[in-house]
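What follows is a short report on a single structure.
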Amino acid sequence: MNSANQCQSLIWQLKNLTLNINKSLDQLLQQEGLTLSQARVLLLLFNENGQSQSNLMKQLQIESSSMTKVIDLLERKNFIVRKDNHRDARRKHIFLTKQGQHKEAAITQLLQQFENELLNGLSVAETAQLRRLLQKMQPDNN
Numbered sequence: 001m002n003s004a005n006q007c008q009s010l011i012w013q014l015k016n017l018t019l020n021i022n023k024s025l026d027q028l029l030q031q032e033g034l035t036l037s038q039a040r041v042l043l044l045l046f047n048e049n050g051q052s053q054s055n056l057m058k059q060l061q062i063e064s065s066s067m068t069k070v071i072d073l074l075e076r077k078n079f080i081v082r083k084d085n086h087r088d089a090r091r092k093h094i095f096l097t098k099q100g101q102h103k104e105a106a107i108t109q110l111l112q113q114f115e116n117e118l119l120n121g122l123s124v125a126e127t128a129q130l131r132r133l134l135q136k137m138q139p140d141n142n
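Just so we're aligned, residue 1 is where the sequence shown starts under full-length UniProt numbering, counting upward by one.
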C-alpha cells in the first residue's frame, strides 16, 4: 500500500479520529479539573462504586503504573478514596468521595454535549448504523 492509500485506509482514519476525540475531550474536561484518563476512572466508578484497582485497570486496558498515577491524582483531588479489601489487605478498592460523586452530572453533561456535536452531521439512521457497525467491530463480538 502506498502512502497516499495508507492515509485513506480505514485504520488510519479511525486512528486519527480517535486521537482528535481524545485531544478534544482532554481540553473539554479541563473545565472540571480532569484529564480524560481521570474521567474514565470516575465514569466506571459512577457505574459501579467500590471496584478494585485491578478491575478498573482491566476495563481501561492500561498498565498498573499508569493506573496508579491516575488513582493517586484523583485521590489528591479528593475525588476518590482507597480502602482495604477486608478479605485481602493487599487489594484496594476505589470509592468515590462526595466531591467525586458531585462530578457525575457535569462530566456526563460534557460528554453528551461533545457526542451531540460530533454526530451533528449525521442523521438519526446514520448514527444508529454507525453504532451498530462499531459494536460489530469490537473484538469481543467476533
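The beta carbon of each residue, even a glycine, is placed where N, CA and C say it ideally should be.
Original post:
Would the stretch 118-130 and the stretch 68-87 be scored as touching if the rule is three or more Cβ pairs under 8 Å?
Top reply: no
Original post:
With DSSP run on the structure shown, which of helix, strand or coil describes Phe-95?
Top reply: strand
**OP:** Check whether the stretch 46-62 touches the stretch 13-29, counting contact only when three or more Cβ pairs, one atom from each stretch, lie closer than 8 Å.
**Re:** no
Subject >> Buried or exposed by the 16-neighbour rule on C-beta atoms within 10 Å, applied to Ala-39 >> reply: Per the 10 Å Cβ criterion, buried.
**OP:** Mind checking who Ser-52 pairs with in its DSSP beta bridge?
**Re:** His-93
Subject >> Same chain, Cβ closer than 7 Å to Met-57, five either side skipped, listed in chain order >> reply: Ser-64, Met-67
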